[in-house]
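Under my numbering, think of the first position of the sequence shown as 10, with each following residue one higher. This report concerns only the one structure given below.
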Amino acid sequence: MTNTQVTLVQIDNYGPWTVTPEPRREADLQTMQSRLYADISQFVGNRDGYTFFTRFDNMIAVTNGLTMADHELLQESVGNRYPVTLSLGVATGTSPVQALSDATTFVQNAGSAQDEDRRECLEGRAIDEPHRTDDDVQIAHFDVVDATGQYTDELNAFDSFIQIEQGYAELMRHMRYAHDSLSFFVGGDNVIVVCPDLGANDYEDAIQHVETAVDVELQVGVGRGSSAHDAGFAAKHALETCRADGTRVEFDW
């Protein structure tokens, strides 16, 4: 049984800040967002977690192995180096969607995203070390079958992007509502999905659904571990088996 620890990262009072005292240059906002994401991703990644940018003002991290003290250090580090602060909600659950829902509630109960009085709230609870297991996190790493041959080398860059995004969007919806999973585009033609305890039939169903809906062929490697890094690395190895053998679903455990 999985037990995923999810952290919601929300920039405090970000919307009002972007237009105070007057609207800020979009290029400056995009640069700050990308740098902030990179720093959070590196901080969490150094502790074997994964961070996903989603909307940039809201980021989602899989933080199995990070303590509440680690989260406090992240807030302090960002507060010392950026003109914005972070509020964090931390929760766990056998379903990643439920964990994120609980983490979101923690942050929302501390105040609105545009509440000027909410600063660096940290609510929730991390998994205690004695309760961690090697099956806590299940990661599925999807990619498009022969994306280079079908899209990159055949279409212009934007049309290729549209095709890949259509596949991602359909997979994201399906995995969310059919399997309580969280899917994140991570560049190229790659999608990482944080899952509950799913089996081969669930992944085969997802692949078939996307191909039927938007005519995008997918393959997936699945791994488990005590952290996002361990599970994700196993998933990468399983995906390499798909590519080598021409299979659609492979597990590495």
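Glycine included, every Cβ here is placed at the ideal spot set by N, Cα and C. Nothing here was measured: the structure is a model prediction, and the numbers come from that model.
Residue i and residue j closer than 8 Å at C-beta
{"i": "Val71", "j": "Gln14", "result": "yes"}
{"i": "Ile69", "j": "Leu191", "result": "yes"}
{"i": "Val203", "j": "Pro105", "result": "yes"}
{"i": "Val200", "j": "Tyr177", "result": "yes"}
{"i": "Ala187", "j": "Gly58", "result": "no"}
{"i": "Met77", "j": "Leu131", "result": "yes"}
{"i": "Arg233", "j": "Ala247", "result": "no"}
{"i": "Asp162", "j": "Asn22", "result": "no"}
{"i": "Val229", "j": "Ile216", "result": "yes"}
{"i": "Thr27", "j": "Leu45", "result": "no"}
{"i": "Gln84", "j": "Leu97", "result": "yes"}
{"i": "Gln19", "j": "Ala166", "result": "no"}
{"i": "Asn73", "j": "Asp143", "result": "no"}
Residue from the options whose Cα sits closest to the Cα of residue i
{"i": "Met184", "options": "Val219, Val154, Tyr160 and Asp152", "result": "Val219"}
{"i": "Asp214", "options": "Gly102, Ala100, Asn73 and Val258", "result": "Val258"}
{"i": "Leu330", "options": "Gly196, Tyr212, Gln159 and Tyr160", "result": "Lying before the first or after the last residue shown, residue 330 is absent from the chain, which here runs from 10 to 262."}
{"i": "Asp66", "options": "Gly74, Thr60, Gln42 and Thr113", "result": "Gln42"}
{"i": "Phe52", "options": "Trp26, Asp79 and Asn73", "result": "Asp79"}
{"i": "Cys251", "options": "Asp152, Gly197, Arg182 and Trp262", "result": "Asp152"}
Residues bridged to residue i (per DSSP)
{"i": "Phe260", "result": "Val231"}
{"i": "Gly133", "result": "Val99"}
{"i": "Ala70", "result": "Thr16 and Thr60"}
{"i": "Phe194", "result": "Val200"}
Simplified DSSP state of residue i, which is helix, strand or coil
{"i": "Cys251", "result": "helix"}
{"i": "Ile20", "result": "strand"}
{"i": "Ser121", "result": "coil"}
{"i": "Asp152", "result": "strand"}
{"i": "Val146", "result": "strand"}
{"i": "Gly208", "result": "coil"}
{"i": "Val106", "result": "helix"}
{"i": "Ser236", "result": "coil"}
{"i": "Asn1", "result": "The question about residue 1 has no answer here: the residues shown for the chain are numbered 10 through 262."}
{"i": "Asp37", "result": "helix"}
{"i": "Asp126", "result": "coil"}
{"i": "Phe115", "result": "helix"}
{"i": "Phe170", "result": "helix"}
{"i": "Gly186", "result": "Reading off the sequence shown, one finds Tyr at residue 186, where the question assumed Gly. The answer is helix: DSSP assigns Tyr186 an H, G or I state."}
{"i": "Val93", "result": "coil"}
Supposed close pair residue i, residue j - CB separation, criterion 8 Å
{"i": "Leu95", "j": "Glu129", "result": "7 Å"}
{"i": "Gln175", "j": "Val231", "result": "Incorrect: roughly 23 Å between the Cβ atoms, too far for contact."}
{"i": "Gln117", "j": "Asp189", "result": "Incorrect: roughly 20 Å between the Cβ atoms, too far for contact."}
{"i": "Asp206", "j": "Thr11", "result": "5 Å"}
Below-8 Å beta-carbon distance, residue i vs any chain D residue
{"i": "Arg33", "result": "Given the protein chain composition of this structure (a single chain), no chain D is represented."}
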